[in-house]
Amino acid sequence: MVVVTACDWFEVSDHSNCAVAEEAKNFTGRKLASDAGVRYSTLPTKDCIAQDQRIDGGDGSDRGRVRWVVCLKGPDCDEAGMF
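Basically this note's numbering = 1-based index in the sequence shown + 1325.
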């Protein structure tokens, strides 16, 4: 007998894959992909937003030097948005 249980891995979490680039042009993809000069961290989303406000003037998750993608509740947050 196989028992299947529901999990919440497909719900969003309060953490993000947060990326800070030396220059905005270092991002090469639609989200967080880069060729070099980018530091990645898994952080609470509120911390990514604070970095964005401090470094980029709060221009959002998909432009400027600070970008982030909110993670799902499952594993592999460090791979979110790497395209």
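Idealized CB from N, CA, C, for every residue including glycine.
Beta-carbon proximity check, residue i vs residue j, cutoff 7 Å
i     : j     : result
R1390 : A1349 : yes
T1370 : V1395 : yes
With 16 other Cβ atoms within 10 Å as the buried cut-off, status of residue i
i     : result
R1355 : exposed
G1406 : buried
R1388 : exposed
V1329 : The predicted model places V1329 with a pLDDT of 49, which falls under 50 and marks its position as unreliable, so this point remains unresolved.
F1352 : buried
R1392 : buried
Simplified DSSP state of residue i, which is helix, strand or coil
i     : result
R1392 : strand
R1364 : strand
Residues that residue i bridges to, as DSSP identifies them
i     : result
N1342 : T1367 and V1394
F1352 : S1359
Inter-stretch contact (C-beta, 8 Å, three-pair minimum) for the region 1341-1355 and the region 1376-1392: yes
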